[in-house]
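Have a look at the structure below, then the notes.
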Amino acid sequence: MKNYLGLAIRRKWHYAYMFIAPIIVLFGIFRIYPAVQTLLFSFFSINIVSKEYKPVGLKNFLLLLEDNTFLRSIENTLIYTVYIVMLSAFLGMVLASLFNSKFAFKKVFRAVYFVPFITSTVAAAVVWSYLYDPKFGLFNMLLRLVGLPTRGWIASSHDALASIIIFSIWKTLGYNMVIFIAGLQGIPDAFYEAAIIDGAGPLAKFFRITVPLLSPTIVFIVIYNTIVALKVFDQVFVLTAGGPADASTVVVLQIYKQAFENYRFGYASAMAFVLFVFVILITIAQYRVSRKWEVQI
Amino acid sequence: MRRMVIISLLLFVVLAPGFSTGVQEKKAGPVTLTLWYPAGEITQTTRAYRDIPNLFAAFEAANNCKIELVAVDYDTMQQKILTAMAGGQVPDIGHISTTWMGGFLKDKGLYQVPEADAKAWMAVVTPEIQALSDFGGGKMYGYPNWGIDIYGLFWNKDMFKEAGLNPEAAPKYWADFRDTSKKTSVTNPDGTLKRVGYAIRHLGHPHGIVDKWHWLLEGTGMKFISDYNLLKGGSCSFNQPNARAGLQMAYDMVYKDKSTSLEFPDPRDCLLKGLASMQISETISIQVRAPKEAPNLNWGLAAPPAMKEGTKPACSVAGWCTSVFAQSKNINLAYRAIKWYNGKENDYAQAKQFMVTPRYTENWAKEPFSTDPYIKQFKALLPYARVYPRSLALNGIMTSIGTAVQKILHNELGVEAALVEAENTANAAIKALE
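What follows is the structure, given as structure tokens:
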């Protein structure tokens, strides 16, 4: 410890720590402290106004196992996550490959695909709720025009989750595309030139060169999209409020309802903690699996 | 190192005032009370705050105070109040839904109206206002506002006539209601519905679904909870033969009769746009919207259909309440303000201005309330008025029933299974608050 301190002072590390101290403090106050507090709250029954805390042990967690709506929300959240990660990442990679080549108005198209990402989720969801209207919405109007049967979209318990997934893919595609473009531009042309010389076609180049060398980017995209997808809330709240009939309810929405509609803060904290554990475990698992096939240039 | 310490101290001295908590020195002068009310046109009862300038002027002058009116987004107002209560920053007065009050009472968040005032109020207002005011044993936690809303059956008289039905008579019982829905629905050549007979609510917040189906649920004799006056405790029993029959009828109207559909908009929109011949909803909403959105609509208003001969219709009564929050730093002044605001003279003047129902029995006897045709129609529904239970678990109870109705209509669960699930969830919600 003394050696470390001596080294730190000689190398003036204290200046560096002073500069990052504010953000560390803020991170501790607004991230670490609430997370720890949530974990503690999950073992209590709480009256948030009168500040009464009644310890209940593991009761909140045991109640979660009997809560069919919460279990349904976990199922929906996992289904949503799998589809979003797979489709949004895959389509992002395809678009990035297309936009990595030269063609007219490339920048305009790139901007068009990126704009949904910077649009307010709530505002976009409100607009899409009109597009999804089964009677007067644009989507059903187009389906009728081409002679296809109409869908219930967000008004149908069978289509509600799929409708949210479609919206979310539209929303996140641009971001994934941009990250993949950055990754693609980091791959030296020499590899492609060598492949051309060896007679590789476009598909071979894509699967044998692009995908392996893009693996660090793919890992990042998969992990990032997974974390974001597991915490989905805004579009579900606006488009369907978790309905109809809990068909599109997700974990964060259940946390919100239990805390702010049913006033069960301890129970909601238990849900939040379960979600936190889910996110950590899935992220660690993904990271470990992806390290095995990651290729570094 | 010394230089860094000096620079840090100087920065602190310069920047520290900017990080002050914003607590201002108490200025001498009138006390300011804040009143939160829901923004927009979610309820007609807030029109006074928007449309009457200097609404509280007389009270402010007499009490050397100022009342600041703050419009709050309705969708998150309940949560904002709860958060404000948790943070100790609650407003003095709230214009709140009576269905929210249980949740605030759970946290001892509302000031109880003094017993003597409560007795005096109950003695001079109409029975449905008494029911809305009473939180068990005559206790009051605020004053229900004028312009309470009641659910009624609206029908399009022209569509009835077109279908060969008496345009002046609404269906009285479920059997003819179902029959009327079949006769007045219109299908396209491809078999899809062009116009539904009865427009239904099946989307959105479960509470809203319970509101729209209340006529059927309570019309079967089903009770939301064993004792409507209990704040805690009680039990729910939804899986009753009549409740099953009623919800089965609703399901059959969608899938067997095909006289209604899940693909049509909100029931009120349907009626106003000519997409439905009947709908059951809040009466004030149609009264206000019809002249603007459907000036040619020839509509009738009656009580929703009763289950069968010998039974009575059920009309849900919803109300808003002016209440004082228990954490208010000016409780006595705030209470005097709401007592003044809900006095007889204000009740008459505002109900007359906005052509809605007053609360005092004496005001009902005055013009225009005694002769106005709409008010008379409204009054005809009042004998069937039903208020929601006072239970602190009302949120959980309504969510469970609303979700059950959704699951039945969306083919997620059968009628009995849905009601059993709702019963278990509602009872769990009650138990969680004991």
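Protein chains in written order, with our numbering: chain A, 16 to 312; chain B, 1177 to 1610. Even glycine gets a Cβ: it sits at the ideal position worked out from N, Cα and C.
Q: Identify which residue in L268/A, F280/A, K246/A has its Cα closest to the Cα of V71/A.
A: F280/A
Q. Applying a beta-carbon distance threshold of less than 8 Å, which residues of chain B neighbour N91/A?
A. Residues of chain B passing the Cβ test: none, with the nearest at roughly 13 Å.
Q: State yes or no: is the C-beta of W1331/B within less than 9 Å of the C-beta of A1466/B?
A: no
Q | Pairwise C-alpha distance: N191/A and I236/A | A | 7 Å
Q) Listed from N- to C-terminal order along the chain, which residues in the segment 1566 to 1578 of chain B have their beta-carbon within a distance smaller than 7 Å of any beta-carbon of chain A? A) N1571, G1572
**Q.** Bridge partner(s) assigned by DSSP for H1271/B
**A.** T1498/B
(Q) Quick check on S1492/B: does DSSP put it in helix, strand or coil? (A) strand
(Q) Using DSSP's beta-bridge definition, name the partner residues of I1401/B. (A) In DSSP, I1401/B forms no bridge with anything.
Q: Taking A1605/B as the reference, give the member of A205/A, E276/A, F151/A, A210/A with the closest Cα.
A: E276/A
Q: Please report how far the alpha carbon of V1627/B lies from the alpha carbon of P1320/B, in whole angstroms.
A: Residue 1627/B cannot be examined here, being either before or after the span of chain B that is shown, 1177 to 1610.
Q: Pick out whichever of Y271/A, W185/A, Y282/A, L110/A has its Cα sitting closest to the Cα of R1/A.
A: Past the boundaries of the shown model lies residue 1/A; chain A is included only from 16 to 312, so the question cannot be answered.
(Q) Tell me the rounded alpha-carbon separation between G1323/B and Q1553/B. (A) 14 Å
Q. To the nearest angstrom, how far is it from the Cα of Y302/A to the Cα of I233/A?
A. 11 Å
Q: Anything in chain A within Cβ reach of Q1582/B, meaning under 9 Å, just list it in chain order.
A: S172, G258, P259, A260, D261, A262
Q: Consider the Cβ of H1381/B: report whether some Cβ of chain A lies at a distance smaller than 9 Å.
A: yes
**Q.** In chain order, each beta strand (DSSP E) run of at least 3 residues that lies wholly inside the segment 1479 to 1553 of chain B
**A.** 1491 to 1494, 1496 to 1500
Q) So, helix, strand or coil for S1309/B, using DSSP? A) helix
Q. Ordered along the chain, which non-local residues of its own chain (more than five positions away) have a Cβ less than 8 Å from that of V1199/B?
A. In this predicted model, V1199/B has a pLDDT of only 46, less than 50, meaning its place in the structure is not dependable enough to derive any value.
(Q) By the DSSP assignment, the beta strand (DSSP E) with W1322/B in it spans what residues? (A) First-last for W1322/B: undefined, no H or E at that position.
Q.
Contact between the segment 1559 to 1572 of chain B and the segment 1402 to 1419 of chain B is defined here as three or more beta-carbon pairs at a separation below 8 Å; is this criterion met?
A. yes
Q: Could you tell me if T1363/B is buried or exposed, where buried requires 16 or more neighbouring beta carbons within 10 angstroms of its beta carbon?
A: exposed
Q: Just the chain B side, please: which residues come within less than 7 Å of S65/A by C-beta, in chain order?
A: D1283, K1284
Q: For D213/A, count neighbouring C-beta atoms within 10 Å of its own C-beta (all shown protein chains included) and say buried if the count is 16 or more, exposed if not.
A: exposed
Q) Which residues in chain B sit within 7 Å of P149/A, going by Cβ to Cβ distance? A) E1439
Q: Return the residue from the list T1219/B, L1231/B, A1421/B that minimises the CA-CA distance to Y1517/B.
A: L1231/B
(Q) Taking the straight line between their C-alpha atoms, what separation do you get for V161/A and V253/A? (A) 29 Å
(Q) Residues of the segment 1256 to 1276 of chain B in Cβ contact with chain A at a cutoff of 7 Å, in chain order, please. (A) L1258, M1261, A1262
Q | Exposure of V149/A, with buried meaning 16 or more beta-carbon neighbours within 10 Å | A | Per the sequence presented here, residue 149/A reads as Pro, with Val not at that position. Classification of P149/A: buried, given that the 10 Å Cβ count is 16 or more.
Q.
Could you check whether the Cβ of T84/A sits closer than 9 Å to any Cβ belonging to chain B?
A. yes
Q: Find the nearest neighbour of C1446/B within the set P1480/B, G1373/B, P1481/B, judged by alpha-carbon distance.
A: G1373/B
**Q.** Alpha carbon of Y1287/B to alpha carbon of I1272/B, nearest angstrom
**A.** 13 Å
Q) Of the residues that make up the segment 263 to 284 of chain A, which ones have a beta carbon closer than 7 Å to any beta carbon in chain B? A) F275, E276, N277, Y278, R279
Q. If you run the structure through DSSP and keep just helix, strand and coil, what is P231/A?
A. helix
(Q) If you follow the beta strand (DSSP E) that S1212/B is in, where does it begin and where does it stop? (A) Here the sequence assigns Trp to residue 1212/B, which means Ser is not the residue at that position. Note, W1212/B: beta strand (DSSP E), 1207 to 1214.
Q: Sort I295/A, V141/A, I196/A by Cα distance to K117/A and report the nearest one.
A: I196/A
Q: Identify the contact partners of G167/A in chain B, using a Cβ-Cβ distance below 7 Å as the criterion.
A: L1438, E1439
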